[in-house]
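One rule links them: number in our numbering = place in the sequence shown (from 1) + 506.
Note that beta-carbon positions come from the ideal geometry of N, C-alpha and C, so glycine has one too.
The next block holds one structure in the form of structure tokens; read it before the comments.
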Amino acid sequence: MGDGPEPVPPSRQECAIDSVRVHPPGRHTGPRTEPRAELRGRHEDGHHLHHLVWRLGPGVRVCSSAVLGGGIGPRAWILNAQVPGGYPRLDPDRHLAEIAAAEGLTGSGAGLMTAAEVAAYTTGRDGGVTATVTTGLGVRGWAAAPETAGPVWAAPETAGPMCAAPEAAGPDSAALEAAAPESAAGETVASGTAAAETADPVPSVRAPHRPGTVNIVVELPVALSDAALVNAVATATEAKVQALLDAGLDCSGTPTDAVCVAAPEPGPDGGEPFAGPRSPWGARIARAVHTAVLAGARPARDLS
């Protein structure tokens, strides 16, 4: 071996990112006071990809399951980035940080990934609440699916860096199909029976992050308490499932869906205490999310 620097594996290599605006934040008409998503295009590793950027500014809290900046806390921006099918990197948080830096985003933020076409995002609005959704359903199924025999995660050397063995690709053309094997647990199961109880256990191996396919970003004009922020995520998820069923899809989502809820930081009053589907603001969240997910899910149904 020579004395030169050790080569960096492809899954850890930084990539040159050239980002350009596709649609400005003002693409939608009508009075709006909340931050608006900006659609951006970028060239990365030979791919032409898109991402959405929310420049929230100071005084906004986000509750999210984002791969970068998840949890509850102040966030200055949200990023929802498209990646190609068969995503090879093992450091999605670092990759999202690179895209954010190329956008000039500073401070703490939340970053999501998807293999869906981000430029096909859909929007729902209700009473001051805005839900922006990217919907890709190539790997879909039920959250509470029967357990079946086989490894929890496929070993990288046998399945490839982005092939998580326990989830099977559904009959869709979304880009995540390229990242999933043909059969696995937790998806559409013909028999509905679990074989894992009689099968020999197989050691599990942690697989790299697989980019989520249904990403939901909800913006509110009012502050929420901590409990209400968490409740808002649950409400958005319930509305997503309702929309998928209303679209005629036999699933509750994909294994890697993500939700972000952004709201102003609460003042001395602590913010709105409730965000369940029968509370005033929770009902608006549910209707906005349902509208956006339904619009995005119908094309997936037509391709099935």
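Run through DSSP, which three-state label would residue i get?
i, result
"L682", "Residue placement at L682 is flagged as unreliable, the pLDDT there being 35, under the threshold of 50; the coordinate-derived value follows with that caveat. Three-state result, L682: helix."
"D632", "strand"
"P770", "strand"
"L800", "helix"
"A626", "helix"
"V724", "strand"
"V566", "strand"
"G788", "helix"
"W659", "Confidence at W659 is low in this model, with a pLDDT of 34, below 50, so the placement of that residue should be treated as unreliable; the coordinate-derived value is given next. DSSP places W659 in coil when its eight states are reduced to three."
"R646", "coil"
"A651", "coil"
"V573", "coil"
"A781", "coil"
"S710", "Bear in mind that the predicted position of S710 carries a pLDDT of just 44, short of 50, making it too unreliable to give a figure here."
"A813", "Residue 813 lies beyond the residue range present for the chain, which begins at 507 and ends at 810; the question has no answer from this structure."
"A806", "helix"
"R793", "helix"
"G776", "coil"
"T641", "strand"
Check the C-beta distance from residue i over to residue j and give it rounded, since I have them as a contact under 8 Å.
i, j, result
"L602", "G591", "Rounded, the Cβ-Cβ distance is 18 Å, inconsistent with contact."
"A789", "V724", "About 13 Å; that fails the 8 Å criterion."
"L558", "R548", "Not really, about 12 Å apart at Cβ, beyond 8 Å."
"V639", "G802", "5 Å"
Starting from residue i, trace the alpha helix (DSSP H) in both directions and tell me its first and last residue.
i, result
"L751", "D732 to D752"
Provide the residue span of the beta strand (DSSP E) that contains residue i, from first to last.
i, result
"E544", "E544 to E550"
"T620", "G615 to T620"
"L558", "H553 to R561"
Contact the segment 603-614 vs the segment 640-654: 3+ CB pairs below 8 Å: Fewer than three pairs of CB atoms, one per stretch, sit closer than 8 Å, so the segment 603-614 makes no contact with the segment 640-654.
Ranges of the beta strand (DSSP E) found wholly within the segment 576-611, counting only runs of at least 3: 577-580 and 583-588
Sufficient close CB pairs (3 or more, under 8 Å) joining the segment 732-751 to the segment 555-572: These segments touch.
Inter-stretch contact at 8 Å, needing at least 3 Cβ pairs: the segment 571-583 / the segment 772-779: no
Contact between the segment 743-751 and the segment 594-608 (3+ Cβ pairs under 8 Å): no
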